[in-house]
Each structure stands twice: as structure tokens, then as C-alpha cells.
Ligand code: 5GP
Ligand code: ZN
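In C-alpha cells, the structure reads:
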């Protein structure tokens, strides 16, 4: 837990969010500024600032996050039509919150390249 981190506070329940799923390792909640009909953020409970800060001990955690995203897409019924998982890293990558997170975007036609 990083005391000045927005997503650590959401994971701890100190700042409200619409939480869809949580377990011992991760929390999934709705993005406050959705870019698709489904726009969820998946975060580890552990404070990891960026993708660059991942270590080998986080491999299981990241796999768990991706499997959870896939399960949620299946449960919400848009897995077969398709969806996107996005991780933005540092300023030029579009990162605005320095606690590792993965965007799960679904239920609209997504374009490529991204904006
Ligand atoms: P990034 O730009 O770092 O990849 O994504 C950060 C995301 O967090 C953005 O999509 C933004 O809308 C979302 N966000 C920022 N502040 C809050 C908040 O207080 N609550 C929720 N639920 N989402 C937030
Ligand atoms: Zn944090």
C-alpha cells in the first residue's frame, strides 16, 4: 500500500469505486471515464507503479489478471465478439495513474491503430 496512491486507496476501500470483482490479489472496478460500454480497470492489490517495475515474482499475478479479464469478458457476454486489454506505461504511453492497471474494453467495435 502506497499512502498517496489513488488505486491503492480504491483497493483498500478508502475511496469509493464500482467494484465488479475482487479477491486476495486483485480488484476490478469501473473506469470513471469510460471509453467503451464496458470499460473496467484490473489492478493488483500490491502497489506496482508501472510495467517496468514488474519482477519474476509477479508473473503469476499478471497471468491471474489476464485470466480474470477473460473470465469477466465471457461472463458479460462479449468474449466471442472481441475485446481489448490495454496497459499504458509512463507518460508517452498515456499512463496517468502510477499503479499498474489493465483496461478491459468491450461491447463496441474498437479501431486500430488506437487514438
Ligand atoms: P491510464 O491513463 O493511467 O492508463 O488510466 C487511468 C484510468 O483511471 C483512466 O482511464 C481514468 O479514467 C481512470 N481513473 C482516474 N481516476 C479515477 C477514479 O478516481 N476512479 C475510477 N474508477 N477511475 C479513475
Ligand atoms: Zn498503489
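Residue numbers (my numbering): 7 to 121. For each residue, glycine too, the CB sits at the ideal point set by N, CA and C. Please read all numbers here as calculations on a predicted model, not as lab measurements.
Is the beta carbon of residue i sitting closer than 9 Å to the one on residue j?
{"i": "residue 24", "j": "residue 84", "result": "no"}
{"i": "residue 70", "j": "residue 90", "result": "no"}
{"i": "residue 12", "j": "residue 26", "result": "no"}
{"i": "residue 94", "j": "residue 58", "result": "no"}
{"i": "residue 21", "j": "residue 105", "result": "no"}
{"i": "residue 92", "j": "residue 120", "result": "yes"}
Could you tell me which residues DSSP puts in a beta bridge with residue i?
{"i": "residue 112", "result": "44 and 89"}
Among the candidates the options, whose CA atom is the shortest distance from the CA of residue i?
{"i": "residue 40", "options": "18, 107, 10 and 111", "result": "111"}
{"i": "residue 30", "options": "8, 54, 98 and 18", "result": "18"}
For my contact list, residue i and residue j are in at a C-beta cut-off of 8 Å; report their separation, rounded to the angstrom.
{"i": "residue 35", "j": "residue 16", "result": "6 Å"}
*Write down every uninterrupted run of the alpha helix (DSSP H) in the stretch 27-96 whose length is 4 residues or greater and which is fully enclosed by it, in chain order.*
65-82
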